[in-house]
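Have a look at the structure below, then the notes.
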Amino acid sequence: MTPLSVYVLTYNSERYLDKVLTAAKRAADDLLIVDSGSTDATLSIAAKHGARIVHRPFDNFRAQRQFANGLCLHETVMFFDSDEIASDALIDEVLALKARGFDHDAYAVRRDWVVMGKVIHALLPISSPDYPIRIYRRATLRFTDHSVHETLTGYDNCGRIESPVVHRTFETATEMKTKLDLYTDLAATDLLDKREPARVLWLKSWISPLGAFLKWYIRKGNVRDGRIGLTLALYASSYTRRKYRKALVQLQGNR
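Using full-length UniProt numbering, read the sequence shown as starting at 1 and increasing by one per residue.
Set out below in structure tokens:
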């Protein structure tokens with residue numbers, strides 16, 4: 001039996017955490033919570049499930065994941081977001097993999113996205129369903145140098161699991177705005193790392209939002225998601241505009 005560490009990053013994550021951990025602990029030999037200052041019931045829920053709880057102030061998702069990765073007790077690691085609920089079928093498949101051994105360096109898991117109670121076709125920067133890596137050998141893989149929407153790289157071979165995890169996000173317009181503000185702050189930092197000239201950032205801040213709206217509403221399929229789809233296409237446009245304008249403000253402020 002291959003032992004498995006499972007970690008979850010949390011911040012005021014009480015809404016779904018009980019369901020997330022109920023599923024996760026079925027597969028976990030080591031259950032870890034890395035919390036960045038929750039003031040709701042997050043920590044009591046984590047304690048109820050017997051998780052190790054470690055605190056770290058949030059700076060960006062990549063750093064938070066690298067920190068969690070270093071604290072895992074076992075070589076094989078699985079992780080969930082605090083609003084990702086694993087299906088029973090997924091956990092059963094992970095248990096079978098533990099029993100026979102993990103053949104691949106990494107495993108991509110089907111993820112279905114739900115926004116305001118509706119299964120959707122796309123949400124910047126992904127199509128739904130997507131297949132993020134959720135199981136990996138931590139000595140082999142590393143996270144890309146992105147502050148947000150970071151991914152794992154470095155594997156020689158990757159398996160694929162069709163049993164899904166359900167990602168429930170954006171239950172309200174207020175939550176959407178909060179995440180938009182956070183994610184564009186982080187995305188602006190990544191843009192600055194590319195060292196594009198101010199004139200390029202300014203031009204993209206005007207041109208790219210329309211392209212983003214058309215891409216996500218028409219090509220990515222939000223048009224099939226009704227009113228929520230229109231909202232998500234506008235979110236993609238707003239995200240694109242804000243990240244460039246925030247990067248431009250930061251660039252001008254650093255001069």
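We treat Cβ as the ideally placed atom computed from N, Cα and C, and that holds for glycine. Note that this is a predicted model, so its numbers are computed, not measured.
Inset, instruction - Specify the secondary structure class of K220 as computed by DSSP and reduced to three states. - result: Residue 220 sits at position 220 when you count from the first residue of the sequence shown. Note: K220 maps to coil in three-state DSSP.
Inset, instruction - Using 10 angstroms around the beta-carbon of T2, count the other beta-carbons present and answer buried if the total reaches 16, otherwise exposed. - result: Walking along the sequence shown from the start, residue 2 turns up at place 2. Counting Cβ neighbours within 10 Å, T2 comes out exposed, since fewer than 16 surround it.
Inset, instruction - Please classify F58: does DSSP put it in a helix, a strand, or coil? - result: The residue you call residue 58 lines up with position 58 of the sequence shown. Three-state DSSP puts F58 in coil, outside helix and strand.
Inset, instruction - Give the DSSP-derived three-state secondary structure of G253 in the structure shown. - result: If you number the sequence shown from 1, residue 253 lands on position 253. In this structure, G253 counts as helix in the three-state DSSP scheme.
Legend entry - Cβ contact check for the segment 207 to 214 and the segment 234 to 241: 3 or more pairs under 8 Å: Contact between the segment 207 to 214 and the segment 234 to 241 is established, with three or more Cβ pairs separated by less than 8 Å.
Inset, instruction - Count the other C-beta atoms from every protein chain shown that fall within 10 angstroms of the C-beta of D81, then say buried if there are 16 or more, exposed otherwise. - result: Here the question's residue 81 lines up with position 81 in the sequence shown. Buried: at least 16 other Cβ atoms inside 10 Å.
Legend entry - Residue interval of the beta strand (DSSP E) (run including G159): Residue mapping note: residue 159 aligns to position 159 of the sequence shown, counting from 1. G159 -> beta strand (DSSP E) spans 158 to 169.
Inset, instruction - Put L4 into one of helix, strand or coil per three-state DSSP. - result: Taking the first residue of the sequence shown as position 1, residue 4 is located at position 4. Residue state, collapsed to three classes: strand.
Legend entry - Contact set for R26: own chain, Cβ-Cβ below 6 Å, skip 5 residues either direction: If you number the sequence shown from 1, residue 26 lands on position 26. Excluding positions up to five away in sequence, the list reads I91.
Legend entry - Anticipated Cβ contact below 8 Å, L4 with D29, distance rounded: Residue numbering aside, residue 4 sits at position 4 when the sequence shown is read from its first letter. Residue numbering aside, residue 29 sits at position 29 when the sequence shown is read from its first letter. Indeed they touch by this definition, with Cβ atoms about 5 Å apart.
Legend entry - Span separating the alpha-carbon of L71 from that of A63: Within the sequence shown, the letter at position 71 stands for residue 71. Within the sequence shown, the letter at position 63 stands for residue 63. Their backbone Cα atoms lie some 13 Å apart in a straight line.
Inset, instruction - Run through the segment 50 to 119 for me and flag every whole beta strand (DSSP E) of 3 or more residues, listed as ranges in chain order. - result: 52 to 55, 76 to 80, 84 to 86, 106 to 115
Inset, instruction - For L73, collect the residues of the same chain with a Cβ closer than 7 Å to its Cβ; drop the 5 residues on either side in sequence, then sort them by chain order. - result: Against the sequence shown, residue 73 aligns to sequence position 73. Excluding residues within five positions, the ones whose Cβ falls inside 7 Å are S5, D30.
Inset, instruction - May I ask you to list the residues that DSSP assigns as paired with R137? - result: Start at 1 with the first residue of the sequence shown, and residue 137 comes out as number 137. Per DSSP, T76.
Inset, instruction - Would you kindly check if the distance between the Cβ of S127 and the Cβ of K220 is under 9 Å? - result: For the purposes of this step, residue 220 is taken as the residue at position 220 of the sequence shown. For the purposes of this step, residue 127 is taken as the residue at position 127 of the sequence shown. Contact: yes.
Legend entry - Three-state class that DSSP yields for R142 in the structure shown: Counting from 1 along the sequence shown, the entry for residue 142 is found at position 142. Note: R142 maps to strand in three-state DSSP.
Inset, instruction - Tell me A122's beta-bridge partners as DSSP assigns them. - result: As a working note, residue 122 is residue 122 in the sequence shown. Answer is S127.
Inset, instruction - Quick one: residues in its chain with C-beta nearer than 7 Å to the C-beta of T42, no 5 flanking neighbours on either side, listed in chain order? - result: Position 42 of the sequence shown, counted from the first residue, corresponds to residue 42. Around T42: T10, N12, S13, E14, L17, D35.
Inset, instruction - Would you kindly report the start and end of the unbroken alpha helix (DSSP H) that includes D181? - result: Numbered from its first residue, the sequence shown carries residue 181 at position 181. From DSSP, the alpha helix (DSSP H) with D181 extends over 173 to 193.
Legend entry - Where V20 sits in the DSSP three-state scheme: Here residue 20 corresponds to residue number 20 of the sequence shown, with the count starting at 1. In the structure shown, V20 sits in a helix (DSSP, three-state: H, G or I).
Inset, instruction - In the DSSP assignment, find the beta strand (DSSP E) that holds V34 and state where it starts and stops. - result: One-based indexing of the sequence shown puts residue 34 at position 34. Judged by DSSP secondary structure, V34 falls within the beta strand (DSSP E) whose first and last residues are 30 to 35.
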